[in-house]
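Have a look at the structure below, then the notes.
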Amino acid sequence: MHAFLKVSRLIDRMSEFLGRWVAWLVLAAVLLSAGNAIVRKVFNTSSNAMLELQWYFFSAIFLLCAGYTLLRNEHVRIDVVTGRFSARTQTWIDVLGTIFFLIPIVCIFIYLSWPVFVRTYTHGEISTNAGGLLIWPARVLVPIGFTFLLLQGISELIKRIAFLAGAGPDPVARHDVHAAEKELAEEIRRMAEEKK
Amino acid sequence: MEFIAANMAPIMFASLVIFLLLGYPVAFALAANGIFFGLIGIELGLLEPSLFQALPERLWGVMSNDTLLAVPFFTFMGLILERSGMAEDLLDTIGQLFGPLRGGLAFAVIFVGALLAATTGVVAASVISMGLISLPIMLRYGYDRRMASGVIAASGTLAQIIPPSLVLIIMADQLGKSVGDMYAGAFIPGIVLASLYALYTIGVAMFKPAWCPALPPEARKLREPSGSSGAPSVGVLFSFATAFAILFDRFYYVPKYPEAMLDERLVLAAGAGAVFALAAALINRTLKLGLLSKLAEQVVFVLIPPLGLIFLVLGTIFLGWATPTEGGAMGAAGALLMAVARRRLSIKLMRQAMDTTAKLSTFVVFILIGARVFSLTFYGVDGHKWVEHLLLDLPGGQVGFLIVVNILVFLLAFFLDFFELAFIVVPLLGPVAEKLGIDLIWFGVLLGVNMQTSFMHPPFGFALFYLRSVAPVREYIDKITQKRTAPVTTGQIYWGAIPFVCIQLVMVALLIAFPQMSLVYKSGQPELDTSKVKIELPTDQAPPDTADDILKDLQKGGGETKGEAPTDAPGSDKGKSAEDKAAEDIEKALKGGK
Chain A
5 MHAFLKVSRL IDRMSEFLGR WVAWLVLAAV LLSAGNAIVR KVFNTSSNAM LELQWYFFSA
65 IFLLCAGYTL LRNEHVRIDV VTGRFSARTQ TWIDVLGTIF FLIPIVCIFI YLSWPVFVRT
125 YTHGEISTNA GGLLIWPARV LVPIGFTFLL LQGISELIKR IAFLAGAGPD PVARHDVHAA
185 EKELAEEIRR MAEEKK
Chain B
13 MEFIAANMAP IMFASLVIFL LLGYPVAFAL AANGIFFGLI GIELGLLEPS LFQALPERLW
73 GVMSNDTLLA VPFFTFMGLI LERSGMAEDL LDTIGQLFGP LRGGLAFAVI FVGALLAATT
133 GVVAASVISM GLISLPIMLR YGYDRRMASG VIAASGTLAQ IIPPSLVLII MADQLGKSVG
193 DMYAGAFIPG IVLASLYALY TIGVAMFKPA WCPALPPEAR KLREPSGSSG APSVGVLFSF
253 ATAFAILFDR FYYVPKYPEA MLDERLVLAA GAGAVFALAA ALINRTLKLG LLSKLAEQVV
313 FVLIPPLGLI FLVLGTIFLG WATPTEGGAM GAAGALLMAV ARRRLSIKLM RQAMDTTAKL
373 STFVVFILIG ARVFSLTFYG VDGHKWVEHL LLDLPGGQVG FLIVVNILVF LLAFFLDFFE
433 LAFIVVPLLG PVAEKLGIDL IWFGVLLGVN MQTSFMHPPF GFALFYLRSV APVREYIDKI
493 TQKRTAPVTT GQIYWGAIPF VCIQLVMVAL LIAFPQMSLV YKSGQPELDT SKVKIELPTD
553 QAPPDTADDI LKDLQKGGGE TKGEAPTDAP GSDKGKSAED KAAEDIEKAL KGGK
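Chains as they are written, first to last, in this note's numbering: chain A, 5 to 200; chain B, 13 to 606.
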């Protein structure tokens, strides 16, 4: 179990690192997209490559952050029913869900998307828009993103089994669902105090 | 076995409900359901073995979807804005402006709520700001606790329906309509809804004056040395600015660009009026002319940032300078600039906002991916025909359908949040609505207003939850009056929400009765601007995309793909001619659009 938990921690760190850095693409996409609109209005010209780059960034954000989002337990759940169950039961659901839902789907996506990437890469396919971008860099994001998601799934599985076996803490901070809103409230309160 | 084969769609749908209620992340439960039944369907010979080969193209369709790009932009913008202090300044000043009237603080909350809603599309932030800034003042001066919390929660949810809201963007995407049209269609209903809140407040002020007293004189901070309130000065300035806007439109803009469209003229005239007011306030302050009251000056200064942002987002979209997606990016960039100007931007805030945006975009898109996997199988086993069959047989034609669907969505909204409803339920309803001759923009706005209630109904409504987290839980001593003040109980928050949920339902009924409120979007139709050209590309102009082609080959008996959810067309590798055409159209629109 100990070795497994070590692997899980390693994966967590990797997802965390990836998520932190990929998040900067949000800013990049904002500036790029606003820039596109301004350039088009002011200089009356636009570049298909730049328009395509917008959604390359976007795809990179959600594909590469999929594992990170799983780590943070932020993929939305409907917990009206199961939210009332004990932490152990919920953990069991997560274990079974990861084995029977998450891992098979992720494997199917990796299996199916890899050949598409290879095809676009070997043929050097280029977007059909005039001045468009190479296609494979976007295509390769799919197998990469889903591989990270798979790894994170395995890590979550290890943590949950460890919890069920009594070898680790409850991996899900269950009472912290709205931490972000509380923090925001705290900050606004402080700002209001400062002004007085 | 035969039973399963014959009833595949209902069985699949029923098990989807069970899969979702398990509480495992929705995205994966949806996809697993699709794959599981896909395998069964293949085993039973209902579906071709190569069914899943279509998945990579479906995913590609989601990736290259320009409209969805607006999701991270508006989220990011909202996150930067909520910590910029703009909302708090607005609430303070507008509270001073309306506060001396009976029910005035409630008015201020509605007004600021609508203004924030037109700036951004996030509910949590405005409810929290109002709960922290306005609620204590309302409690201090004796507002009824139910009234105060109800009006705050309701005004916060206006962000859902007043453009530029994420709800409308996703609704447009799922119904295969242009975001620009959806915005235009939601505008009047959004304003009408805010006015209904205001009407309710007037009613309360008239019949239950004790529920919403006026601010006592000692609470009016922005006063003239002479002791007057300075409010008339605001009215005078407002009239002058309006007059200037009209003159600008009549004697400058229209003579210069005679064929300008109405929305373009409105945006520019409003801009001119705002610039006039700002100039007046600035001149008055620097030269110490004393022509304007302090209050008037302050009102202008707090209104300029949100109006500027509204111009950046909605103005550029309606002028045709930016696509709705780019409008979101402009707004986000504008919010960043404003935060810098107010010295509120820190590297920590930046990281936090990007981090939250990345996670939110990821989970939203993954629900969509899950829904696409689900629909691949569900449409393959003719699930859409089953749904159509169920809904087309409803008595009462259009109206019967709308009533049933709205009740259904209202009930579902107790359990599902907006994204799940939009990605799972809306694509099933859209084609049926279209078959009944219902305008999809109207339909989308209607569902948007309806889903707004999901933020408001006890006990799960998020707006109520946010308010709960900032409203006082224990008895406290008010800092200014030194009086013991009772807390706001959860029961009061719940009861306070109910009149407003009813108002929203009235609004749904009004919108069913008067579709014209949404259909005005058609008035500008002949002169499509760039945003519309660009956004319509995915659905109307694109040739059958690869995913659909493959699906067509796969489905037994040459199955119909017509009813397929209209979302995954854009940017597939074959989209060439359509994209080129769109580029040309943009060129044309830009050159001739003036």
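Cβ atoms here follow ideal geometry from the backbone N, Cα and C, with glycine treated the same way. Just so it is clear, the structure is predicted and the values come from calculations on it, not from any experiment.
{"query": "Does any residue of chain B bring its CB to less than 8 Å from the CB of residue 163 of chain A?", "result": "no"}
{"query": "Nearest chain B C-beta to residue 33 of chain A closer than 8 Å, yes or no?", "result": "yes"}
{"query": "If you pair each beta-carbon of the segment 100 to 111 of chain B with each one of the segment 356 to 365 of chain B, do three or more pairs fall below 8 Å?", "result": "no"}
{"query": "Just to make sure I have the definition right: I need the residues of chain B whose C-beta is within less than 7 Å of the C-beta of residue 174 of chain A. Which are they?", "result": "Chain B residues near residue 174 of chain A: none, gap ~15 Å exceeds 7 Å."}
{"query": "Spell out whether any CB of chain B is found under 8 Å from the CB atom of residue 179 of chain A.", "result": "For residue 179 of chain A, the predicted structure reports a pLDDT of 48, less than 50, and the residue's modelled location is therefore unreliable. A value from the coordinates is still provided. Taking Cβ atoms only, chain B never reaches closer than 8 Å to residue 179 of chain A, which makes this a no."}
{"query": "Between the Cα of residue 468 of chain B and those of B:439, B:426, B:306, spot the shortest distance and give me the residue it belongs to.", "result": "B:426"}
{"query": "Within the segment 127 to 169 of chain B, note down every full alpha helix (DSSP H) run reaching 4 residues or more, in order along the chain.", "result": "135 to 152, 157 to 169"}
{"query": "Run the CB neighbour count on residue 127 of chain A, radius 10 Å, all protein chains shown included, and call it buried at 16 or more, exposed below.", "result": "exposed"}
{"query": "Quick check: is the beta carbon of residue 73 of chain A nearer than 8 Å to any beta carbon in chain B?", "result": "yes"}
{"query": "Would you say residue 402 of chain B and residue 227 of chain B are within 8 Å of each other, going by their C-beta atoms?", "result": "no"}
{"query": "Any idea which residues DSSP pairs residue 497 of chain B with across the strands?", "result": "B:488"}
{"query": "Output yes if chain B places a C-beta closer than 8 Å to the C-beta of residue 127 of chain A; else output no.", "result": "no"}
{"query": "Inspect the beta-carbon positions of residue 223 of chain B and residue 156 of chain B and report whether they are closer than 8 Å.", "result": "yes"}
{"query": "Can you have a look at residue 55 of chain B and say buried or exposed, based on whether 16 or more other CB atoms are within 10 angstroms of its CB?", "result": "exposed"}
{"query": "Express the C-alpha separation of residue 307 of chain B and residue 245 of chain B in angstroms, rounding to a whole number.", "result": "8 Å"}
{"query": "Helix, strand or coil, according to DSSP, for residue 138 of chain A in the structure here?", "result": "strand"}
{"query": "Please classify residue 6 of chain A as buried or exposed, where buried requires at least 16 neighbouring CB atoms within 10 angstroms.", "result": "exposed"}
{"query": "Assuming residue 10 of chain A is part of the alpha helix (DSSP H), what are its boundary residues?", "result": "6 to 26"}
{"query": "Does the beta-carbon of residue 143 of chain A, which I'm using as the reference point, lie nearer than 7 Å to any heavy atom of the ligand FAD?", "result": "With respect to the ligand FAD, the structure offers nothing, as it holds no ligand at all."}
{"query": "Report yes if the C-beta distance between residue 479 of chain B and residue 242 of chain B is below 8 Å; otherwise report no.", "result": "no"}
{"query": "Along the chain, where does the alpha helix (DSSP H) containing residue 58 of chain A start, and where does it finish?", "result": "52 to 68"}
{"query": "What residue does the alpha helix (DSSP H) around residue 273 of chain B start on, and which one ends it?", "result": "Run containing residue 273 of chain B: none; DSSP gives neither H nor E here."}
{"query": "Check this for me: beta carbons of residue 318 of chain B and residue 387 of chain B, under 8 Å apart or not?", "result": "no"}
{"query": "Shorter than 8 Å from the beta carbon of residue 126 of chain B to some beta carbon of chain A?", "result": "no"}
{"query": "Is residue 456 of chain B closer than 8 Å to residue 187 of chain B when the C-beta atoms are compared?", "result": "yes"}
{"query": "Does the separation of the CB atoms of residue 89 of chain B and residue 347 of chain B fall below 8 Å?", "result": "yes"}
{"query": "Distance check for residue 46 of chain B and residue 30 of chain B, CA to CA, integer angstroms please.", "result": "13 Å"}
{"query": "Please identify, using Cβ separations under 9 Å, the residues of the segment 76 to 100 of chain A that lie next to chain B, in order along the chain.", "result": "76, 77, 78, 79, 80, 81, 82, 83, 84, 85, 86, 87, 89, 94, 97, 98, 100"}
{"query": "Taking only beta-carbon atoms, is residue 69 of chain A less than 8 Å away from chain B?", "result": "yes"}
{"query": "Just the C-alpha distance for residue 21 of chain B and residue 49 of chain B, rounded to the nearest angstrom, thanks.", "result": "9 Å"}
{"query": "State the Cα-Cα distance for the pair residue 12 of chain A and residue 436 of chain B, rounded to the nearest angstrom.", "result": "33 Å"}
{"query": "Determine which residues of the segment 91 to 109 of chain B have a Cβ less than 7 Å from any Cβ of chain A, and write them out in chain order.", "result": "94, 95, 97, 100"}
{"query": "Using a threshold of 8 Å, state whether the C-beta atoms of residue 448 of chain B and residue 422 of chain B are closer than that.", "result": "no"}
{"query": "So the candidates are B:151, B:341, B:247; which of them puts its Cα closest to the Cα of residue 305 of chain B?", "result": "B:247"}
{"query": "Leaving aside the five residues before and after residue 97 of chain A along the sequence, list all residues of the same chain whose C-beta is less than 7 Å from its C-beta, in chain order.", "result": "86"}
{"query": "How far does the alpha helix (DSSP H) with residue 104 of chain B in it reach, from first residue to last?", "result": "98 to 110"}
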